[in-house]
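Q:
In my numbering, the protein residues as written are -15 to 266.
1. Since residue 60 and residue 22 should fall inside the 8 Å C-beta cutoff, what is the C-beta to C-beta distance between them, to a whole number of angstroms?
2. Looking only at its chain, what residues have a beta carbon closer than 7 Å to the beta carbon of residue 164, apart from the 5 residues adjacent to it on each side?
3. On the DSSP letters alone, give me the boundaries of the alpha helix (DSSP H) that residue 90 sits inside.
4. By the 10 Å Cβ neighbour count, where 16 or more other Cβ atoms means buried, how is residue 201 classified, buried or exposed?
5. In chain order, which continuous runs of the alpha helix (DSSP H) of length 4 or greater are located wholly inside the segment 82 to 128?
6. On the criterion of 16 or more Cβ atoms from any shown chain inside 10 Å, does residue 186 qualify as buried, or is it exposed?
7. Buried or exposed: which applies to residue 92, given that a residue is buried once 16 or more other Cβ atoms fall within 10 Å of its Cβ?
8. If we count the other Cβ atoms within 10 Å of its Cβ and call it buried at 16 or more, is residue 137 buried or exposed?
9. Given a cut-off of 9 Å, decide if residue 95 and residue 116 are closer than it, judged by their beta-carbon atoms.
10. Starting from residue 210, follow the alpha helix (DSSP H) in both directions and report where the run begins and ends.
11. Evaluate residue 196 with the Cβ neighbour count: other Cβ atoms within 10 Å of its Cβ, from every protein chain shown; 16 or more gives buried, anything less gives exposed.
12. Expressed to the nearest angstrom, what Euclidean distance is found between the alpha-carbon atoms of residue 198 and residue 69?
13. Excluding the 5 residues preceding and the 5 following residue 55 in the sequence, name in chain order all residues of the same chain whose CB lies nearer than 8 Å to its CB.
14. What's the gap between the Cα of residue 150 and the Cα of residue 14?
15. Tell me, to the nearest whole angstrom, how far the beta carbon of residue 157 is from that of residue 135; I am working on the premise that it is less than 8 Å.
16. Let me confirm a value: residue 174 is counted as buried when at least 16 other C-beta atoms fall within 10 Å, else exposed. Which label applies?
17. Among 161, 190 and 146, whose alpha-carbon lies nearest the alpha-carbon of residue 118?
18. How would you write the range of the beta strand (DSSP E) that residue 46 sits in, first residue to last?
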């Protein structure tokens, strides 16, 4: 009788766990990333390893292959990636991107030493206090001068290969990492108009040639942290305070302790209890 009572309790807990999974799934946050390919950016085939890593981490990645960039094209996405564009963004496209950020979207702007990319990137970046430049390539360096921030959590150092420094960063962005001469190579803007922006002036680590073969764990961690941080959407601030829209995504694909309990532990306990109950009746 006692065993039957215990099994009843376990069944109840199991049912609650299953209901919680259903409830959680209904409101789960799925981070969707859109990579622009309409401005002669670094081509998709050169980013396949990077994209595969994002997908393996639980992100949904789509490619924008037909322009222009509009609010409609960006709707439904959490992060917009622009990597080495060589064609200028129109005023309408810039307005759509700024609006996307204003509504809580994440924007990742990635440059390099390539001069053709400067004006297209700056058409967007200047709206967030960042200016890319060319002509002062820093060359290969190990970056250790890093300010504490969620994007560099667990990152002690990272590398640049072909970066031109960002010009002095102004509000709402702030410098986050500096080269040996004090030049800014990474800048972030958090809760800017409700969204987030990361500006990084070296696309080299995202390229297939480097992503799997030439990066350290810290190099990869930095890039994955950037996306995770950008995926945390926020409403436009009221009185300067941003209000979260979605649950923050720290490690996509990971199970929370409650989900572990409800999907794995409780069913195992229930199986053991039922087995003992059945054995007793026999």
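In this text, a Cβ means the ideal position worked out from N, Cα and C, and glycines have one as well.
Please read these numbers as outputs of a predicted model, since none were measured by experiment.
A: According to the structure data:
1. 17 Å between Cβ atoms; not a contact.
2. 125
3. Here residue 90 belongs to no alpha helix (DSSP H); instead the beta strand (DSSP E) covers 90 to 94.
4. exposed
5. 102 to 109
6. buried
7. buried
8. exposed
9. yes
10. 201 to 214
11. exposed
12. 24 Å
13. 80, 83 and 84
14. 32 Å
15. Not really, about 13 Å apart at Cβ, beyond 8 Å.
16. buried
17. 146
18. 44 to 48
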